[in-house]
Amino acid sequence: MGTGNQYARIGDAAPAFKAVTTQGDINFPADYKDSWVILFSHPADFTPVCTSEFMTFATMEEKFNKANCKLVGLSIDGLYSHIAWLRTIKEKIEYKGMKNVEVNFPLIEDITMEVAKKYGMIQPNEDSTKAVRAVFFIDPKGIIRTIIYYPLSLGRNFDELYRVIIALQAADEFGVATPADWYPGDDVIIGPAGSCGSAKDRMEDGDIDCKDWFFCTKKLDKDTVMDRVLKK
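The opening residue of the sequence shown carries number 11 in this note's numbering; numbering runs sequentially from there.
What follows is the structure, given as structure tokens:
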């Protein structure tokens with residue numbers, strides 16, 4: 011697990027912590043053991059890029075929840091700042107047609123930067139006192155499966171974050187990999203054959219399209235993927 015300068019990495023157990031949030035105390039990741047989680051950090055409350063991100067995440071929360079994914083935010087600001095900022099978002103901010111947006115997922119208070127440091131959310135060359143826009147995808151077993159970092163100036167692409175959570179679950183459910191720019195309904199990648207015999211059989215399998223022994227795809231329709239991911 012990531013402590014000190016040893017940051018959390020893909021394949022690690024998500025570093026455990028207890029924290030105060032805008033939705034009460036949480037024990038992470040134990041409280042989320044049956045769900046996927048997106049744990050994400052933002053640099054500071056009352057900043058415009060973060061405001062646009064929180065409005066977008068809040069608007070998409072139900073969509074993520076249907077994919078068995080919970081959202082948990084973090085910044086190193088205090089709880090009362092969090093509450094005031096989220097109230098301001100709901101009462102005053104309109105962005106891309108979104109207004110009266112209420113943020114219902116927890117936002118962690120991390121004044122001591124304990125959690126941010128465990129997860130490597132503080133990047134000193136970017137800013138030594140603000141968390142970068144880090145995103146951690148954590149599976150129901152508490153294992154970190156994907157990490158994405160954005161600099162302070164760059165707002166996240168939330169359609170991509172949703173694509174990642176679907177693709178991770180599709181890979182697990184069907185034992186496949188997803189190629190570049192994959193979306194549900196696109197062909198998926200079949201892992202390399204383990205022997206010459208199985209490679210030959212694969213090349214002759216009518217359900218699998220092999221361009222060569224190492225590059226084989228098969229069809230996986232969108233309804234099959236989404237039914238498995240959304241109805242577990």
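Glycine included, C-beta positions come from ideal geometry on N, C-alpha and C.
Enumerate, from N- to C-terminal direction, the unbroken alpha helix (DSSP H) stretches of 4 or more residues contained entirely within the region 76-149. Entirely contained in the region 76-149, the alpha helix (DSSP H) runs reaching 4 residues are, in chain order, 89-102, 124-128.
Residues near SER205 by beta carbon distance below 7 angstroms, same chain, minus five either side: In this prediction, SER205 scores a pLDDT of 49, lower than 50, which makes its location untrustworthy; no coordinate-derived value is stated.
Between the Cα of LYS232 and the Cα atoms of ILE199, PRO194, ASN75, which residue gives the shortest distance? That would be PRO194, whose Cα lies nearest to the Cα of LYS232.
C-alpha distance - THR13 paired with VAL113, whole-angstrom precision: At THR13, the pLDDT of 42 sits below 50, so the modelled position is not reliable; the number obtained from the coordinates is stated separately. The C-alpha of VAL113 is placed about 30 angstroms away from the C-alpha of THR13.
Rounded separation between LEU117 and GLN33 - CA only: Each residue's Cα considered, the two are about 7 angstroms apart.
Could you check how far apart the C-beta atoms of LEU49 and PHE146 are, in whole angstroms? I think they sit under 8 angstroms. Their Cβ separation, rounded to whole angstroms, is 4 angstroms, which keeps LEU49 and PHE146 in contact under 8 angstroms.
If you compare alpha carbons, which of ALA141, PHE74, PHE56, GLY152 is closest to ILE99? The candidate whose alpha carbon is nearest that of ILE99 is PHE56.
Which one of ASP222, ILE218, PHE168 has the shortest CA to CA distance from CYS60? Closest by alpha carbon: PHE168.
Can you tell which of ALA187, LYS228, ILE200 has the C-alpha that lies nearest to the C-alpha of VAL174? Ranking ALA187, LYS228, ILE200 by Cα distance to VAL174 puts ALA187 first.
Where do the N-terminal and C-terminal ends of the alpha helix (DSSP H) with ALA181 fall, by residue? It spans 168-184 - the alpha helix (DSSP H) in which ALA181 sits, taken as one unbroken run.
Run through the DSSP bridge pairs and tell me what GLY34 is partnered with. The secondary-structure analysis by DSSP pairs GLY34 across a beta bridge with THR31, THR32.
The beta strand (DSSP E) that contains LYS232, what's its start and end? Boundaries for LYS232: no beta strand (DSSP E) harbours it, while the alpha helix (DSSP H) harbouring it runs 232-240, taken from the DSSP string.
For THR156, which three-state DSSP category applies? Strand at THR156.
Residue range of the beta strand (DSSP E) that SER51 falls in? Counted as a single uninterrupted DSSP element, the beta strand (DSSP E) harbouring SER51 occupies residues 46-51.
Whose CA, out of LYS151, LYS102, TYR159, TRP192, lies closest to the CA of MET65? If you compare the alpha carbons of LYS151, LYS102, TYR159, TRP192 with that of MET65, the shortest gap goes to LYS102.
Compute the beta-carbon to beta-carbon distance between ILE176 and ALA18, rounded to the nearest angstrom, for a pair I have assumed lies under 8 angstroms. In fact, because the Cβ distance is near 23 angstroms, the residues do not count as touching under 8 angstroms.
DSSP three-state label for GLY12, please. The pLDDT assigned to GLY12 is 42, lower than 50, so where the model puts this residue is not dependable; a value taken from the coordinates is nonetheless given after this. Three-state result, GLY12: coil.
Name the DSSP beta bridge partners of PHE225, please? Per DSSP, ASP222.
Considering only their Cβ atoms, is the gap separating ARG238 from GLU183 smaller than 8 angstroms? Taking 8 angstroms as the Cβ cut-off, GLU183 and ARG238 qualify as a contacting pair.
So which of ALA190, SER62, ILE154 has the shortest CA-CA distance to LYS106? If we check each option's Cα against that of LYS106, SER62 comes out closest.
Any idea which residues DSSP pairs ILE200 with across the strands? According to DSSP, which records beta bridges pairwise, ILE200 is partnered with CYS226.
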